[in-house]
Structure formats: C-alpha cells, structure tokens
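Undergrad: Please see the structure below; I have some questions.
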C-alpha cells in the first residue's frame, strides 16, 4: 500500500518578528507545517503496523524544500517526491494543488493521500480539497482517527457539534486534524540517515502546469493588526475590579 | 451582472452569509441562496429576504463533500452566480476548495470582513498563523469566499421566495456510518459575553474549580489555551481559544496565566476588554490587554471570587 503525505514548507512562525507591523522573515528557519506533521505521523504509525506500507512525502516549493524535507524523512517517510521551483514559493493554493495532483498522477498506485487540515502559515485548507477534485477522488476532512480496512478507510470526521464516522473508498484523500497525534522527534541517527533516503526531484515544467494562470489571489497588504489597548497596570484585585466596574463590565 | 450565491449547512451561518452578501450586492448583482435537504432553513432564509433555491434529494448527503461541491457547481451555473459565499466552519471550509476547483474559481477562506469597491471584493483574513491580517482579493471571474462564523450579524426581516432546484447527484464513494453528537460538555464559548481563559500558568486541574467559580460569578464561561485541552486534557477542546480553536469576541476576557502567543491571541484580540493576570510582567499578552495585573493568578482568582460573592 502506498501512502502519500503532502507537506508544505513554512517559516517557523515562532521566530517571525514584527517591526512597524511588518512581518520580518530574515534568518527565520524553514520547517514543515505543524498539522502536516500530524498527517505524516499518522502515516508512519500505519506503516509500523504494516510493513508493506510505503510512505512518500510530497512537497512543492522553492529549492530549499530539498533540505527542509529531511525533517520528514527523518521522522519516518520512506522517500520524498518534490517539485521544486522558486516560482512555487507563495504560489496560489490553486497552483499548488494542480502541481501536487499532476505529481500524484506520475506516481504508481497511490492508495491514500494525507493532508493536514490547513497549512501552518496560511491555514486556508483548500489544497487537499482541490487535489481531491482534480483527481476525482473521495475525501474526508477534519479526521481525528482512522483505520485502514482492505480497500477502504474508516475514519472519524470531527465537526464543531458532532463526529461523523465515515467509510471512504480508496484511493482517497484524508485531511487530518491538528493534534491528532504527537509527531515523533527523530533521533540523531534517523536525522543522519534521512539524507540518504531516495528523493525524486522534478522541475516545474515536468508536471505541465501553468501556475501563472492559477494566480488568483492578490494580496494588497499583510500587516500585524494594530493594537490600541489601554494597558492599564493595576496593583491589586481591588483596583482591577474598580476599573471593570467603572466600565460597567462587571456587576451588571 | 454576476450574481452571488450563498450556502451553509447551518441556518444561523447562512443568515450571516445573507448579511455579508447584502453588503457587497450593489456591485455584484442579485443574491440567491441554496439549501440542501433543509426546508426549515429555506423558510428562515426566505423570511430574511433571500430568494431560496431548495435542492431536495435524499441521496445527496452533506458528509459527501465531493457530491455537495458538484451539486453547488451545477446550482451556480444554472442560477448564473459567479461569487459563492460559504461559511468557514469545518464543513464549509472543506467544501470551499473542492467547489472552487469544480467551477474553476479562486478561493479565500476564514474571511472576517468584506468590502466591494472598484469591481473587487476585498477580504481580510488572518495569515502567518494569526500574526498578520492579509487584505486580499481574488482576480478571477469566479470566486468562492468562505466567511468566518460571527463576522456578520444574521439577516432578519424581508420577504424572499422559495423555489425548487433539481441537480444531478454525483455517485458517492463515501458512506456515513454513524453520527455521534458530542456528549456532555458542549459549550459555546463564542457566544459568551464574558470569558475566563486559563493557560499553562494554572498549577493543577484542581484549581479549575475556582476558575469556574469566577466565570460563574461574572456570568461567563471558562475557556483555555490549546495546551490545557490537548496536552493536559483538563478542559474539552470546545473551550480552546485561538487559531485551531474558536475565534471569540466577548465583551470581557480575563486571561489567566497565558503568555500570549499569536496562535492564542488571534482568537481573543477582538474582545472588547482584555484583562491579563500573569506572574510575568513582560508577557506578550500584557501589551494586548486593557488591564494588566502582575501577580499569581491563583491568589488573584481567590481574591476576585471573595470580592464578587
């Protein structure tokens, strides 16, 4: 069984500084999306229970992805399939989806494609659904547990007010929820071995997608929100309650 | 002129979408609403002024995103709608990308404000994990925009119409085996006027009792940062504030022992008044607060409970 885990390279969000409301990316290390790591962990857990499973990590992005993806290979993916071009950095979800779908078509016998419910940085949650439509595959999102049974998966989709237990025919696309599991931290040996795992690297023109035609989103500005809070420092609970009372926020 | 189509699985969110659609309709044409197997929602929308097109087909289930996207794609083509507004709850977000792909549209999700000007519909949405707000528009003839819950007030009053629409239902490759309604602790922190949110500064699960007492005394609900629910499992995930939890806009938020990482603050920064109580006088949350009390939260909560009783 072949499982593909789609992962996005993102800047380490904890290390982005804001100056004059502008996000600063200088020297911010690159990593993989947090929820994507949950998806990878889910695949690796399945693989540990069934040795016939092969886990391929799939990513489209700039040239630096080749290095960033080692994190996923160290954490248990068997191999990487990468589409690299600097034009893919920050590309529209529609473009990334088209590239990933084209890449999946080039792979042999893919049974299950896993995504995170949203990327770590943009969290738009479109790519998995778009790939599902492009490949005409069934999908279930917001999956909080899954089990593979023969040619299908039984999964739980967790919505705001209920859980849906779903059976999905394979090949299919599953997007997992944040916090589904605790992604493993690879050991030093695993990190060293990761560099030797097989990688298939394609250029953008090898997947035949015109990403310029799929650049739908125009960003006018992207700034930290202005905060004009009062920042009144109070010395005691009494002083705090007095302040809140004066604003009619308590004791109404 | 291109029209707007609205759809949500939830009636309250569909009514919010109607308000959103009304706010951009002068430059984007007429508004139509689609309902799927939900006559009650069709009625509510028409009473709020929408022209509703009901799709009633038993074999079309909302759990099958592929089939719903195909049905809405047909509806949009039939009704001549180029802009489709969905709700950015989980159901709507999962649908958004697929529907956008079905109709060849650009797509934005988690949009919390809309403005129509110069032939564009500009949207605000959180980016970089909530650190920034991106102001964006779609340069595409067809657009799918998913609107975050509670970004607009629900539409009310008006007289619309109810019509029937038939679509071809795509064969399904998923089966809904069971629906489990969430038991017990189902709380709607988004609806609360007052929230008392606890973070990892709380010493133990036993200390939750006094936090709950404070919330009760203030007429509010207890909420938390993500680790309190997912790592410590002291509270249910329904109570998580932040990017991967709820986006809340209460009148008053009392933030206890939370440092204020952006993944959390994005869920509370629209509160009217924010109080932070923390032992760290340099905690990030303090610069986003109206009142800052630097002290041990446990002592502060006890004192507040005593004073408010």
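Residue numbers (our numbering), protein chains in the order written: chain A, 1 to 252; chain B, 1 to 309. C-beta atoms are modelled at their ideal positions from N, C-alpha and C, and glycine is treated no differently.
#1: Taking C-alpha atoms, which residue in 76(B), 102(B) and 241(B) lies nearest to residue 264(B)?
#2: In the DSSP assignment, what are the bridge partners of residue 24(B)?
#3: Since residue 145(B) contacts residue 108(B) with CB under 8 Å, what's their CB separation in whole angstroms?
#4: Thinking residue 97(B) and residue 227(A) are a contact (beta carbons under 8 Å), I'd like their distance in whole angstroms, please.
#5: Exposed or buried, which one is residue 238(A) when buried takes at least 16 other CB atoms within 10 Å?
#6: In chain order, what residues of the same chain lie with their CB nearer than 7 Å to the CB of residue 74(A), ignoring the 5 residues before and after it?
#7: Are the segment 43-52 of chain B and the segment 150-161 of chain B in contact at 8 Å, needing three or more beta carbon pairs?
#8: Between 37(B), 63(B), 62(B) and 59(B), which lies nearest to residue 53(B) when the distance is taken from Cα to Cα?
#9: Measure the alpha-carbon distance for residue 132(B) versus residue 50(A) and round it to whole angstroms.
#10: Could you name the residues that DSSP lists as bridge partners for residue 146(A)?
#11: With H, G and I counted as helix, E and B as strand and the rest as coil, what does DSSP make of residue 279(B)?
#12: Could you run through the segment 133-152 of chain B and flag, in chain order, every residue whose CB is less than 7 Å away from some CB of chain A?
#13: According to DSSP, what are the bridge partners of residue 202(A)?
#14: Any idea what DSSP makes of residue 104(A), helix, strand or coil?
#15: Excluding sequence positions up to five away, which residues of its chain have a Cβ less than 6 Å from the Cβ of residue 114(A)?
#16: With a threshold of 16 other CB atoms inside 10 Å of the CB of residue 105(A), please say whether the residue is buried or exposed.
#17: Starting from the beta carbon of residue 94(B), find every residue of chain A whose beta carbon is closer than 9 Å, and list them in chain order.
#18: Figure out for me which residue from 180(A), 98(A) and 122(A) has the closest Cα to the Cα of residue 128(B).
#19: For my contact list, residue 142(B) and residue 104(B) are in at a C-beta cut-off of 8 Å; report their separation, rounded to the angstrom.
#20: Measuring from the CB of residue 294(B), is there a heavy atom of the ligand GDP at a distance below 8 Å?
#21: Please confirm whether residue 67(B) and residue 139(B) have their CB atoms less than 9 Å apart.
#22: Who are the neighbours of residue 22(B) on chain A, taking C-beta pairs under 8 Å?
TA: Based on what the coordinates show:
#1: By one-based count along the second chain, residue 264(B) stands at place 264. Comparing Cα positions, the closest option is 241(B).
#2: Looking up residue 24(B) in the second chain gives position 24. None, per the DSSP bridge assignment.
#3: The residue labelled residue 145(B) in the question sits at position 145 within the second chain. The residue labelled residue 108(B) in the question sits at position 108 within the second chain. Confirmed, about 5 Å.
#4: To locate residue 97(B), count along the second chain from 1; it is residue 97. To locate residue 227(A), count along the first chain from 1; it is residue 227. At roughly 32 Å, the Cβ-Cβ gap does not stay under 8 Å, so residue 97(B) and residue 227(A) are not in contact.
#5: Walking along the first chain from the start, residue 238(A) turns up at place 238. With fewer than 16 Cβ atoms within 10 Å of its Cβ, residue 238(A) is classed as exposed.
#6: By 1-based counting over the first chain, the position of residue 74(A) is 74. The residues are 186, 190, 191 and 194.
#7: yes
#8: Start at 1 with the first residue of the second chain, and residue 53(B) comes out as number 53. Residue 37(B) is the option with its Cα nearest to residue 53(B).
#9: Start at 1 with the first residue of the second chain, and residue 132(B) comes out as number 132. Start at 1 with the first residue of the first chain, and residue 50(A) comes out as number 50. Rounded to whole angstroms, residue 132(B) to residue 50(A) spans 42 Å at the Cα level.
#10: In the first chain, the residue the question calls residue 146(A) occupies position 146. Residue 146(A) pairs with 155(A).
#11: Position 279 of the second chain, counted from the start, is the residue given in the question as residue 279(B). DSSP places residue 279(B) in coil when its eight states are reduced to three.
#12: 133, 134, 135, 136, 137, 138, 139 and 140
#13: As a first step, residue 202(A) must be located in the first chain, where it is residue number 202. BP columns for residue 202(A) point to 83(A).
#14: What you label residue 104(A) is simply residue 104 of the first chain in a count that begins at 1. Note: residue 104(A) maps to helix in three-state DSSP.
#15: Residue numbering aside, residue 114(A) sits at position 114 when the first chain is read from its first letter. Contacts found: 5, 39, 43 and 174.
#16: Counted from its first residue, the first chain places residue 105(A) at position 105. Residue 105(A) is exposed by the Cβ-count criterion.
#17: Within the second chain, residue 94(B) is the residue found at index 94, counting from 1. Simply 117, 125, 128, 129, 139, 140, 141, 142, 157 and 175.
#18: Indexing the second chain from 1 puts residue 128(B) at position 128. If we check each option's Cα against that of residue 128(B), 122(A) comes out closest.
#19: Taking the second chain and counting its residues from 1, the one referred to as residue 142(B) is at position 142. Taking the second chain and counting its residues from 1, the one referred to as residue 104(B) is at position 104. The pair is a contact, with the Cβ atoms about 6 Å apart (cut-off 8 Å).
#20: What this structure holds is no ligand at all, so the ligand GDP is not there to describe.
#21: Looking up residue 67(B) in the second chain gives position 67. Looking up residue 139(B) in the second chain gives position 139. No. Outside cutoff.
#22: Reading the second chain from its first residue, position 22 is the one you call residue 22(B). The premise fails here: residue 22(B) is roughly 23 Å from chain A at the closest Cβ pair, so nothing lies under 8 Å.
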